[in-house]
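Remarks on the structure that follows.
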Amino acid sequence: MLRAPNLSKFAWLMHGFGGRDSVYPEGITTLRQVHSGVVLEALAPGLDRFAEGDALVSNAPGVVVGVRTADCVPILIADERTHAVAAIHAGWRGAAAGIAGAAIQELITRYGSRPENLHAAIGPAIGGCCYEVGPEVALRFGIETNSAVKVDLPAINEKQLAAAGVPDVWLARECTFCEGNRYFSFRRERDAAGRMISFVGVRGA
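Taking our numbering, the leading residue of the sequence shown gets 90, the next gets one more, and so forth.
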């Protein structure tokens with residue numbers, strides 16, 4: 090289980106980025122992920138795939154929110170002041186829809202978070218070394234081309250977080266496609282690929 094150094098300093102926080110052989114805590118609340126920009130509040134602990142969306146927020150002790158990935162970008166956010174958290178699944182559609190910024194806005198609206206108090210971690214995902222897309226997808230990120238081009242989704246999400254005012258963003262810098270011994274990759278394994286869970290939550294009282 091990979092843990093982000095910039096989140097580990099918070100004793101009230103539990104978090105991790107999953108790998109091929111990870112064992113997870115019980116009761117992680119997840120969504121039916123649909124590659125959208127939809128952000129929802131977690132209703133209660135342990136509700137697996139309780140609604141459709143691609144990011145979850147919470148500030149309730151004992152609630153752990155999580156997302157499943159196998160190349161898409163997992164993002165975890167923690168608020169040092171309000172103890173609110175977010176787990177985000179950002180594939181290219183979610184990134185194009187600005188889901189990272191939408192999750193931050195949800196933290197602001199629901200819990201009174203301030204961007205300057207937020208700490209974000211971007212976990213293992215397919216990197217710019219391996220993620221090739223066609224002209225139509227590239228155009229969604231401002232890249233004009235007539236042929237296939239490689240796109241760095243973790244870097245795109247890092248820029249979106251910075252643009253939303255988050256001062257502290259950590260990147261795992263590990264490519265799920267390259268590191269097949271550690272991570273599942275849908276592009277490499279197709280339908281045989283499993284899923285990793287990335288999770289974050291406030292420890293129970």
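Note that beta-carbon positions come from the ideal geometry of N, C-alpha and C, so glycine has one too.
Beta-ladder partner(s) of residue i, from DSSP
i      : result
PRO150 : VAL291
GLY105 : PHE288
LEU129 : LEU145
THR118 : VAL154
ILE232 : According to DSSP, which records beta bridges pairwise, ILE232 is partnered with nothing at all.
HIS208 : ALA167 and ASP257
LYS239 : GLU221
LEU136 : For LEU136, which the question treats as bridged, DSSP gives no partner whatsoever.
LEU91  : PHE106
ALA282 : None, per the DSSP bridge assignment.
ALA214 : CYS264
Test item: CB-CB of residue i and residue j under 8 angstroms
i      : j      : result
ARG288 : ILE117 : The amino acid occupying residue 288 in the given sequence is Phe; Arg does not appear at that position. A contact, by the Cβ cut-off of 8 angstroms.
VAL153 : PRO134 : yes
ILE211 : GLU247 : yes
ALA184 : LEU242 : yes
ALA159 : ARG279 : no
LEU102 : VAL291 : yes
GLY126 : GLY187 : yes
ILE215 : THR265 : yes
ALA244 : GLY269 : no
Classification of residue i by the beta-carbon crowding that lies within 10 angstroms, buried from 16 upward
i      : result
ASP137 : exposed
CYS161 : buried
GLU233 : exposed
PRO213 : buried
VAL344 : With the chain running from 90 to 294 in the structure shown, residue 344 is simply not present.
PRO163 : buried
GLU115 : exposed
ALA252 : exposed
ALA179 : buried
ALA93  : buried
Close-in-space but distant-in-sequence residues of the same chain around residue i (CB under 8 angstroms, 5 per side omitted)
i      : result
TYR200 : VAL146, ASN148, ASP168, THR171 and ALA173
LEU129 : LEU120, ALA140, GLY142, ALA144, LEU145 and VAL146
ALA267 : Checking the sequence, you will find Cys at residue 267 rather than Ala. Cβ within range, chain order: GLY216, CYS218 and CYS219.
Chain-order list of residues whose beta-carbon lies under 6 angstroms from that of residue i (same chain, five-residue window excluded)
i      : result
ALA131 : THR118, LEU145, SER147, VAL152 and VAL154
VAL255 : PRO204, LEU207 and ALA209
ARG121 : ARG138 and GLU141
ALA293 : The amino acid occupying residue 293 in the given sequence is Gly; Ala does not appear at that position. Cβ neighbours of GLY293 beyond the five flanking positions: PRO150 and GLY151.
Sequence-distant residues of the same chain with beta carbon closer than 7 angstroms to residue i, five excluded per side
i      : result
LEU250 : ALA189, ALA209 and VAL258
ALA261 : LEU91, PHE106, ILE211, GLY212 and PRO213
ALA227 : THR234, VAL238 and VAL240
ALA282 : ALA159, PHE273, SER274 and PHE275
ALA176 : ALA144, LEU145, VAL154, GLY155, VAL156, LEU165, SER287, PHE288 and VAL289
ASN95  : HIS208, ALA210, ASP257 and TRP259
ARG75  : This structure leaves residue 75 out entirely; the chain is present only between 90 and 294.
Chain C within 8 angstroms of residue i, Cβ atoms only
i      : result
MET285 : No chain C appears in this structure, which consists of one protein chain only.
Every unbroken beta strand (DSSP E) inside the stretch 142-205 [3 residues or more] = Listed in chain order, they are 144-147, 153-158, 162-168 and 174-179.
query = Going along the chain, which unbroken runs of the beta strand (DSSP E) with 3 or more residues stay wholly within the stretch 246-276?
reply = The qualifying runs are 257-260.
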